[in-house]
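Visitor: Before I ask anything, let me first share the structure, which is written out below as structure tokens.
There are 2 protein chains.
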Amino acid sequence: MSEYIIVRALEPLFNPGSVAVIGATNNWNKWGFSTFSSALDGFKGKVYPVNIKEGEVLGHRAFKRVTDIPGPVDLAIFVIPAPSVPPVMEDCVAKGVKAGVIITAGFAEAGEEGEKLQDEVVRIARKGSIRFVGPNCMGMWSASSNLRAFMFPMLVMNGPLAFVSQGGNVGGAVAMSGYERGVGFHRYVSCGCAADIQIEDYIEYFGEDPEVKVILTYIEGLNNGKRFIEKVSQVTKKKPVIALKPGKTEAAARAIKSHSGALAGSNIIYDTVFRKAGVIRAETGEELLDIALGFLTQPLPRGRNVAILTPGGSYGVLCADSCASEGLNVVRLPEETIAALDKIFPPRWSRGNPVDPAGDRNFIAYLTAPDKILPLDEVDSLIFMGFGSFSSFAPMISFLGSSFSQVFAATLPSLEELEQRISAVVPVLKSGNAAEIDKLVRPAISMFAFFLGVDDKEEIDDFTRLVTGAMATGEVDASFLSELPQLIAFRTAKANGEAKLPVRLAEAVDSLLSGVIRHWVKSYGKPLITTSFTEGVSHLRGTHFAYPSGQRAARVLAKLVEYKEYLEREGIYRA
Amino acid sequence: MSEYIIVRALEPLFNPGSVAVIGATNNWNKWGFSTFSSALDGFKGKVYPVNIKEGEVLGHRAFKRVTDIPGPVDLAIFVIPAPSVPPVMEDCVAKGVKAGVIITAGFAEAGEEGEKLQDEVVRIARKGSIRFVGPNCMGMWSASSNLRAFMFPMLVMNGPLAFVSQGGNVGGAVAMSGYERGVGFHRYVSCGCAADIQIEDYIEYFGEDPEVKVILTYIEGLNNGKRFIEKVSQVTKKKPVIALKPGKTEAAARAIKSHSGALAGSNIIYDTVFRKAGVIRAETGEELLDIALGFLTQPLPRGRNVAILTPGGSYGVLCADSCASEGLNVVRLPEETIAALDKIFPPRWSRGNPVDPAGDRNFIAYLTAPDKILPLDEVDSLIFMGFGSFSSFAPMISFLGSSFSQVFAATLPSLEELEQRISAVVPVLKSGNAAEIDKLVRPAISMFAFFLGVDDKEEIDDFTRLVTGAMATGEVDASFLSELPQLIAFRTAKANGEAKLPVRLAEAVDSLLSGVIRHWVKSYGKPLITTSFTEGVSHLRGTHFAYPSGQRAARVLAKLVEYKEYLEREGIYRA
């Protein structure tokens, strides 16, 4: 079984007990310094510096050769000039090293002589069954061993993604963006020239790892397209693989040759390879993450019919345009649904899809609308726009420091009143009694509704039912109740001339709504993709992620549909 | 002269002496509340609330009718139900009001009856020569009178852009993104149904205003394409006009009809209209700003030949692919330039375009490379990738808190030594003596070079020459010298267990480099567009703006070329 072979082969790479950094140095202006620092940073096993001239590196006893190290060495990281790599690899074979990361450049990407050198390194490594990453790469990250075998300190967090990138900078940028967005990586490899372990080998290995939910790859050129299809098509039947592959133009093909030494190949050939392998293709580094977040947070849509709920007409127009351009069907809503929405929206609402309440001040109506759209057989997915509104607008209100905030705060109930309610809530929440909890949630929701200026009893009941439902499934926890005093804290803070608090309050409200959204996604089993107000203003991270525009949300939804259709063709997906 | 007519006609709208908010209220859950709050916020003229029922609004004496207001009223803002707009407009005519903003919805976008109501309002307003914005809009911002006649508190700053948007939400999102990016608006109008003042009227008016450098517009549908071409083609000969126009698909056309009441028209027709009018077309709201920032910070490129300088091969590959896809020519560099770069880069560098030093640790070489590329006749523009590196990586270093930072800090010179140098600098800088300044800049640059691990005298001389050159043209001021003690402060902070300072230090270095870049742009008269490392990590604002990816930079560059070619065809641009 090939999967066991690859798992066994790459195990010492991702879970080594000990690491040697060959070329580790005290000279902070060399890569050997930052690589050694990175390897030290958090890794729980032993890390040995190897340096011919320096007796001690960063306070660690250094060894002249790998063979001088007293204990066993599982992984060797090379940060030495290219011509020294073959003899040191011989030492590694002699030492019984199991895996390598060759950061050093100057191999296949550097012309004929470099290619020869690379072949030599592969030949030596094979003698000792050493599997290695690179050469000409930036290194790797393994969450399970907390190892940053990387060229410089890298901002990456643990999470459900795995990524093999033929570009260290693009890979690092995506990993860092993931950090900013609150999503992390179980494995990350910058594979460079991929002389030994091929891109499809990494993908096969990630495919076998239950910790990995979605696989990303940046490919400049494959060494063997047929092998890629064979191996990766087995993985894509289990989990999504998303690829970024430049090289549409001759200018890029030239750049690829001098960068990773790969042959870019024709764009049409790669489209065929990816289609056969069931790989989803992204257009930018950021889109790799966009799509990955879609797969992580959403179920697969049953079909191409999409509804759009928007707080503003122009957002809806742009989103509808993108959906239709991506081959999604902005479906006409049935008359009964129009009638149901007529009841909660003012007469000026769009009365169609996109659903646009046209500046309705009743935000509770907006928030309950998905519950009227998602049950429809005609609707496979919903794009919910302008999400994270409270977080987005709170800084604005603070910033302006205008009469708006002052008067707004003045209309709120008293601190004492609210504290009484909260202290009554806590023991009941701890008791876990559902009926009692419902009784407590209701006044909190009423207060929230009051905050939004809503007094329609039926609508408040609707929303309460949603929140208690989401609490029952564990998607919303009770902590939002204790955030409500911030309504009051805001008032007090304004009186003291501070204006920072509404952001926290707003975040609590957005967090509550995020829970309701996750609850809907689970209950209806349909994608419910949110977008924020602007590219710049988005305070939502991880599972609260909202795409910065309808266009980006539409692209992601189209990719989810593409993957579902692939699984359908393969006989794996059944609605 | 039509321009004088439009300037005179719209003057009371953008520079009113007094404003009446009709529908102003103390009920904070109505738009009349937030609109009145907004109008109060910063406007220097008089603001009168008009409300039939409330005698006082937010502490201001309210009037039952506009005609009851004792002083003159230049501008009336309508936030009342649609059927009340015609009689109140009659009052405005009687009062001698000069301009209006009708936020109220329920007109042309709401069907036949709404259209009739809209015609009625236009008819009445014409009697009194009242020009008005809307209806069905979000309002407007005028920097010259600091007036936010807007539906809610809006985060917008003063600056060289003007924007007319047929979507209030898309417009607001772009304005807010501008705020985040550090670029502002002299005028912003949400024009809604554009019953009276047409999109081309606003553009004509912005065209006459010397404060406005670049004009943006979001268009759902034009009422008169021929009139648009006539008026706007006059403006585009003077300054760029950038348009976002959805409606490629039938789904969007339907959404447009119910949103702004406009007819979307065919995409091909709009392409023709924009081409004839010399309007640049953007694909997203964010791209409106991307392109605007390009026009604000760059000269027009002489042609399509582009060079790319990249700190990483994969960035260069993606950027080259985008440039070529956008019709730019990733030019082959002459042998002399390759030879010149051979001297400053290690042998493994890409030896072609994109120029990639392939992980060279000598950052001074990287920073001086543009000076070797920009003088070439073969190069019309340069994309300089990975800019803002110091700001980007500093938080990473702080975050890790690893041995890296500790050892790095330990290698720096002493605080006393540096303070001595700085105190010697200040009086000389004040003297303005160029030769003396050069003498002082040199050691500071040497220290910076030391910080980067460079000791090649020739390269330090090169860089010193660049910095003193940029100081001579005023693009770099001497303050960066006084930021250098932060190298030391960083060291001290690390010893105390704090780790925040390198960000400030890094910003000082990036700010110095931004100045050098502006200097180059001026000296060579060619675009030098920078990109940052990732979409998420970009700390650069305003004139230091760096695009988040090579793809976005390439799109902007292509638009600058497109505008230059338009001006060339019109006989206005001559190389």
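So the sequences go chain by chain: A and B.
91 is the number that the working numbering gives to position 91 of the first sequence; each next residue is one higher, with no gaps.
372 is the number that the working numbering gives to position 372 of the second sequence; each next residue is one higher, with no gaps.
Beta carbons: idealized from backbone N, C-alpha and C, even for Gly.
Going by DSSP, what residues sit across from Ile102/A in a beta bridge?
Guide: As a first step, residue 102/A is located in the first sequence; it is residue number 102 there, counting from the start. BP columns for Ile102/A point to Phe78/A.
Visitor: If you measure beta-carbon to beta-carbon, which residues of the stretch 220-250 of chain B are closer than 9 Å to chain A?
Guide: Those would be Glu220, Leu244, Pro246, Gly247, Lys248, Thr249 and Glu250, in chain order.
Visitor: Quick one: is the Cβ of Ile199/B within less than 7 Å of any heavy atom of the ligand NAD?
Guide: In the structure shown, the ligand NAD is absent, as is every other ligand, since no ligand is present at all.
Visitor: What is the rounded straight-line gap between the Cα of Ile338/B and the Cα of Arg254/A?
Guide: The residue given as residue 338/B occupies position 338 in the second sequence. The residue given as residue 254/A occupies position 254 in the first sequence. Those two C-alpha atoms are separated by around 16 Å.
Visitor: What whole-angstrom Cβ distance do Val7/A and Tyr205/A have, given they're in contact under 8 Å?
Guide: Residue numbering aside, residue 7/A sits at position 7 when the first sequence is read from its first letter. Residue numbering aside, residue 205/A sits at position 205 when the first sequence is read from its first letter. About 6 Å separates the two Cβ atoms, so the contact holds.
Visitor: Which whole-angstrom value is the C-beta distance of Thr249/A and Met151/A, which I expect to be below 8 Å?
Guide: Translated into the one-based positions of the first sequence, residue 249/A becomes position 249. Translated into the one-based positions of the first sequence, residue 151/A becomes position 151. So it is not a contact: roughly 29 Å between Cβ atoms.
Visitor: Is it buried or exposed for Pro370/A, if we count other Cβ within 10 angstroms and need 16 for buried?
Guide: Locating residue 370/A in the first sequence gives position 370, where the first residue counts as 1. Classification of Pro370/A: buried, given that the 10 Å Cβ count is 16 or more.
Visitor: Spell out a yes or no on whether the stretch 276-289 of chain A and the stretch 119-136 of chain A are touching, meaning 3 or more CB-CB pairs, one atom from each, closer than 8 Å.
Guide: No: fewer than three Cβ pairs fall under 8 Å.
Visitor: Please state whether DSSP places Ser37/B in a helix, a strand or coil.
Guide: By one-based count along the second sequence, residue 37/B stands at place 37. Ser37/B falls in the helix class under three-state DSSP.
Visitor: Quick one: which chain A residues come within Cβ less than 9 Å of Leu15/B?
Guide: On the second sequence, position 15 is the one that residue 15/B refers to. According to the sequence shown, residue 15/B is Asn rather than Leu. Correct list: empty, because the minimum Cβ distance to chain A is about 21 Å.
Visitor: So for Val537/B, helix, strand or coil by DSSP?
Guide: Within the second sequence, numbered from 1, the residue matching residue 537/B stands at position 537. Because the pLDDT at Val537/B is just 49, under 50, the model does not fix this residue reliably, and the value given afterwards should be weighed accordingly. Val537/B falls in the coil class under three-state DSSP.
Visitor: Closest to Lys116/B by C-alpha separation, out of Pro86/B, Ile102/B and Ala94/B, would be which residue?
Guide: Along the second sequence, read from residue 1 onward, the residue named residue 116/B stands at position 116. For Lys116/B, the nearest C-alpha among the options comes from Pro86/B.
Visitor: Residues of the stretch 256-279 of chain B with a CB closer than 8 Å to any CB of chain A: list them in chain order, please.
Guide: Cβ contacts with chain A come from Ile256, Ser258, His259 and Ser260.
Visitor: In chain order, which continuous runs of the alpha helix (DSSP H) of length 4 or greater are located wholly inside the stretch 278-346 of chain A?
Guide: Here the runs fully enclosed are 285-297, 313-325 and 335-344.
Visitor: Could you tell me which uninterrupted alpha helix (DSSP H) segments, each at least 4 residues in length, are contained entirely in the stretch 185-244 of chain A, listed from first to last along the chain?
Guide: Whole alpha helix (DSSP H) segments, 4+ residues: 199-208 and 225-236.
Visitor: For Leu382/A and chain B, any beta-carbon pair shorter than 8 Å?
Guide: The residue labelled residue 382/A in the question sits at position 382 within the first sequence. Answer no: the Cβ-Cβ gap between Leu382/A and chain B never drops below 8 Å.
Visitor: Given a cut-off of 8 Å on the beta-carbon distance, is the pair Phe78/A and Val93/A in contact?
Guide: Along the first sequence, read from residue 1 onward, the residue named residue 78/A stands at position 78. Along the first sequence, read from residue 1 onward, the residue named residue 93/A stands at position 93. Going by C-beta atoms, Phe78/A is not nearer than 8 Å to Val93/A.
Visitor: Are any of the Cβ atoms in chain A nearer than 8 Å to that of Pro354/B?
Guide: Reading the second sequence from its first residue, position 354 is the one you call residue 354/B. Answer yes: the Cβ-Cβ gap between Pro354/B and chain A drops below 8 Å somewhere.
Visitor: Which two residues bound the contiguous alpha helix (DSSP H) that contains Ile256/B?
Guide: Working through the second sequence from its first residue, we reach residue 256/B at position 256. First-last of the alpha helix (DSSP H) with Ile256/B: Glu250 to His259.
Visitor: Cβ closer than 7 Å: which chain B residues qualify as neighbours of Ser325/A?
Guide: Here residue 325/A is taken as the residue at index 325 of the first sequence, counted from 1. Chain B residues near Ser325/A: Lys248 and Thr249.
Visitor: Count Cβ pairs between the stretch 209-225 of chain A and the stretch 144-162 of chain A that sit closer than 8 Å; are there 3 or more?
Guide: Because the criterion of three Cβ pairs below 8 Å is met, the stretch 209-225 of chain A and the stretch 144-162 of chain A touch.
Visitor: For chain A, find out if any of its Cβ atoms is closer than 8 Å to the Cβ of Pro311/B; answer yes or no.
Guide: Indexing the second sequence from 1 puts residue 311/B at position 311. By this cut-off, Pro311/B is an interface position.
Visitor: Tell me the rounded alpha-carbon separation between Thr368/A and Thr236/B.
Guide: As a working note, residue 368/A is residue 368 in the first sequence. As a working note, residue 236/B is residue 236 in the second sequence. Going from the Cα of Thr368/A to the Cα of Thr236/B covers about 46 Å.
Visitor: Relative to the C-alpha of Gly313/B, which residue among Gly100/A, Cys137/A, Ser325/A and Val57/A is closest?
Guide: Counted from its first residue, the second sequence places residue 313/B at position 313. The shortest Cα separation from Gly313/B among Gly100/A, Cys137/A, Ser325/A and Val57/A belongs to Cys137/A.
Visitor: With Ser549/B and Gly285/A assumed to form a contact (beta carbons below 8 Å), what rounded beta-carbon distance in angstroms separates them?
Guide: What you label residue 549/B is simply residue 549 of the second sequence in a count that begins at 1. What you label residue 285/A is simply residue 285 of the first sequence in a count that begins at 1. Yes, Ser549/B and Gly285/A are in contact; Cβ-Cβ is about 7 Å, under 8 Å.
Visitor: Using only alpha-carbon positions, find the residue among Ser381/B, Arg304/B and Tyr218/B that is nearest to Cys191/B.
Guide: For this step, residue 191/B is matched to residue 191 along the second sequence. Closest option to Cys191/B, Cα to Cα, is Tyr218/B.
Visitor: Give me the chain B residues within the contact set of Val330/A, using Cβ-Cβ distance strictly less than 7 Å, ordered along the chain.
Guide: Walking along the first sequence from the start, residue 330/A turns up at place 330. Under the 7 Å cutoff, chain B gives Ala251.
Visitor: In chain order, what residues of the same chain have a beta carbon less than 7 Å from the beta carbon of Ser258/A, not counting five sequence neighbours either side?
Guide: As a working mapping, residue 258/A is identified with position 258 in the first sequence. Once the five neighbours on either side are set aside, the close Cβ partners of Ser258/A are Glu109.
Visitor: Looking at C-beta atoms only, is the number of pairs between the stretch 553-562 of chain A and the stretch 523-533 of chain A that lie closer than 8 Å three or more?
Guide: Result yes; three or more Cβ-Cβ pairs closer than 8 Å.
Visitor: According to the Cβ coordinates, are Ile364/A and Phe463/A closer than 8 Å?
Guide: Here residue 364/A refers to the residue found at position 364 when the first sequence is read from its first residue. Here residue 463/A refers to the residue found at position 463 when the first sequence is read from its first residue. Contact: yes.
Visitor: Using a cut-off of 7 Å between C-beta atoms, extract the partners of Leu318/A located in chain B.
Guide: Residue 318/A sits at position 318 when you count from the first residue of the first sequence. Near Leu318/A (Cβ distances below 7 Å), the residues of chain B are Val170 and Pro246.
Visitor: Looking only at its own chain, which residues have a Cβ that is under 8 Å from the Cβ of Val516/B, when we skip the five neighbours before and after it?
Guide: Counted from its first residue, the second sequence places residue 516/B at position 516. Leu367, Leu466, Val467, Ala470, Glu475 and Val476.
Visitor: Below 7 Å on C-beta distance, what does Thr284/A contact in chain B?
Guide: Indexing the first sequence from 1 puts residue 284/A at position 284. Simply Ser549 and Gln551.
Visitor: Does DSSP put Glu115/B in a helix, a strand or coil?
Guide: Here the question's residue 115/B lines up with position 115 in the second sequence. The answer is helix: DSSP assigns Glu115/B an H, G or I state.
Visitor: Under 8 Å, do Phe107/A and Asp196/A count as touching if we go by C-beta distance?
Guide: Within the first sequence, residue 107/A is the residue found at index 107, counting from 1. Within the first sequence, residue 196/A is the residue found at index 196, counting from 1. For Phe107/A and Asp196/A, no; Cβs fall outside 8 Å.
Visitor: Against chain E, does Asp321/B count as a neighbour if the rule is that its beta carbon must be under 8 Å from one of theirs?
Guide: Of the chains in the structure shown, none is chain E; the protein chains are A and B.
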